[in-house]
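Here the structure is laid out as structure tokens; the discussion comes afterwards.
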Amino acid sequence: MTIATSASASRNGDGMVATDRSTSRSKPTWRAVRPTPVRPPRRRFGMAPYRSHVASAIDPGAEATDQPGGFVVVVDPGDRIHFLDWGGAGEPGVVLIHGLAGSGLAWTPVARRLVARRRVVAMDLRGHGLSDAPTDTGAYDLDVLASDVVAVAEGSGALDDEISGESVRADEAAAVIVAGHGFGAIVAAAAATRLGSRCSRLVLIDGGLADVASATGQDVDEFLRTLDEPPEVMRSMAAYLGDRRSWDPATWDADQEEAARAAVVETPAGRLVLATRPHALEACVRTMFEYRPEDVLPNVKAPIVAVRRRTPGDDDATGIAGDVPAGVRVVDVSAPGHNLLRYRPDEVTAAILAR
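Sequential numbering from 1305 applies to the sequence shown in our numbering.
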């Protein structure tokens, strides 16, 4: 696994920064360097294959503590997985995983709350955000996605095998909190099983407790059709942002606008398409439908906290959050929609920090 940062690396022919520092996945020998925020080239519609870049800051003039730096880890066979490093102090570190068609920017409201008490990293799943999007559909299998999470945890330093320059003893193994939203909760659960004792807590945000087919009553193709945006919403950036704001004007701010803009790409004709590459989105949805919590959650060694959404007026929490397996602590919250990172960041933050 190789790490590339904007602060310490030289630029290669792709416009990507690169470094010759490398390590085995299981025993990192280097410490991640916080990059200087760099604004990436504008993404061009129709670029194939998609090329990832070093991340931008939301505001290049902002203080480093206010905005995340971005860099990548390179995993076999050379795929680049991008993540936002919010910095912060305190153990255990936290790795945040977004949902379908999102990016690490979706976690901004929560990351801002966590950073005073934890080291915080928000990753882009492969095929999403600024991560690479391999065309092999097998590249989006749950085991592969989970291994990306482990690579980011190790590569970012959120899962730190050294404290104050001294190696951690075997009986003091470093650990990390893994939190995921929606589809990201499914990936987080799989990553927690892979991490074993190196995961100190698994936090599932409105997902990961049920198989999606049973919870939604839909098959894969029906679900994929629900992801299509209405043409009138995608006719322009102004229409799209207006639609996103209308979901809940009280929680719409500059961070929400930045995350919304990152989720789409403008075509030469001025219309919008989802930034998540179509083949990656379909492959991730199929992986999501193959997930069976009864095969995954019992293998998680860490405590599990689940935040479920209640729609106002409902007697029971429903939807893709699902039923509650034994041993899972549940926090039910009332919210107008699935995006609890936007609507209920305080409750999500509290679940991540809970002891």
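For every residue, glycine included, the Cβ atom is placed at its ideal position computed from N, Cα and C. On a predicted model such as this, the values are computed, not experimentally measured, just so you know.
Where residue i falls: helix, strand or coil (DSSP)
i: MET1538; result: coil
i: SER1435; result: coil
i: ASP1636; result: strand
i: LEU1576; result: strand
i: ALA1494; result: helix
i: TRP1390; result: strand
i: SER1460; result: helix
i: LEU1409; result: helix
i: GLY1488; result: helix
i: ASP1523; result: coil
i: VAL1453; result: helix
i: GLU1476; result: With a pLDDT of 41 at GLU1476, under the threshold of 50, the predicted position of this residue should be treated as unreliable, though the coordinate-derived value follows. Correct three-state label for GLU1476: helix.
i: GLY1442; result: helix
i: ASP1515; result: coil
i: HIS1642; result: coil
i: ARG1581; result: coil
i: ASP1447; result: helix
i: GLU1586; result: helix
i: ARG1549; result: helix
i: GLN1371; result: coil
i: GLU1395; result: coil
i: PRO1421; result: Note that residue 1421 is Arg in the sequence shown, not Pro. Reduced to three states, the DSSP call for ARG1421 is coil.
i: ASP1557; result: coil
Residues that DSSP places opposite residue i in a beta bridge
i: ILE1385; result: VAL1377
i: LEU1400; result: ALA1426, ALA1483
i: ILE1608; result: LEU1506, VAL1632
i: ARG1613; result: VAL1637
First through last residue of the beta strand (DSSP E) which encompasses residue i
i: VAL1507; result: 1503-1509
i: GLU1570; result: 1568-1570
Exposure of residue i, with buried meaning 16 or more beta-carbon neighbours within 10 Å
i: ARG1646; result: buried
i: GLY1374; result: buried
i: ALA1393; result: exposed
i: THR1571; result: exposed
i: GLY1459; result: buried
i: SER1550; result: exposed
i: THR1530; result: exposed
i: ASN1643; result: buried
i: PRO1649; result: buried
i: ASP1525; result: exposed
i: GLY1631; result: exposed
i: PRO1553; result: exposed
i: ALA1639; result: buried
i: ASP1389; result: buried
i: ALA1705; result: Given a span of 1305 to 1659 for the chain in the structure shown, any question on residue 1705 remains unanswerable.
i: SER1435; result: buried
i: ALA1478; result: buried
i: ARG1502; result: buried
i: ALA1573; result: exposed
i: ASP1599; result: exposed
i: ASP1380; result: exposed
i: THR1412; result: buried
i: ASP1523; result: exposed
i: THR1439; result: exposed
Below-7 Å beta-carbon distance, residue i vs any chain D residue
i: ARG1548; result: Of the chains in the structure shown, none is chain D; there is only one protein chain.
Span of the alpha helix (DSSP H), counted from its first residue to its last, around residue i
i: THR1412; result: 1412-1418
i: ASP1650; result: 1649-1657
i: LEU1531; result: Run containing LEU1531: none; DSSP gives neither H nor E here.
i: ASP1599; result: 1597-1600
Expected contact under 8 Å - CB spacing of residue i and residue j to nearest Å
i: VAL1377; j: ALA1455; result: 5 Å
i: ALA1496; j: ALA1606; result: 6 Å
i: ILE1656; j: ILE1481; result: 6 Å
i: LEU1429; j: LEU1449; result: 6 Å
i: VAL1611; j: ILE1509; result: 5 Å
i: GLY1442; j: LEU1585; result: Contact flag wrong, Cβ pair sits at about 16 Å.
i: ALA1493; j: GLY1512; result: 5 Å
i: ALA1483; j: ILE1385; result: Rounded, the Cβ-Cβ distance is 17 Å, inconsistent with contact.
i: VAL1453; j: VAL1491; result: 6 Å
i: THR1591; j: LEU1499; result: Going by Cβ atoms, the distance from THR1591 to LEU1499 rounds to 19 Å, so no, they are not a contact pair.
i: LEU1545; j: ALA1405; result: Their Cβ separation, rounded to whole angstroms, is 16 Å, which puts LEU1545 and ALA1405 out of contact at 8 Å.
i: ARG1539; j: ARG1575; result: 6 Å
i: GLY1486; j: GLY1408; result: Between GLY1408 and GLY1486 the Cβ distance is about 14 Å, and since that is not below 8 Å, they are no contact.
i: ARG1565; j: ALA1437; result: About 19 Å separates the two Cβ atoms, so there is no contact after all.
Residue i Cβ short of 6 Å to the ligand SAH heavy atom set
i: HIS1485; result: Summarising the ligand content, the structure contains no ligands, and the ligand SAH is consequently not present.
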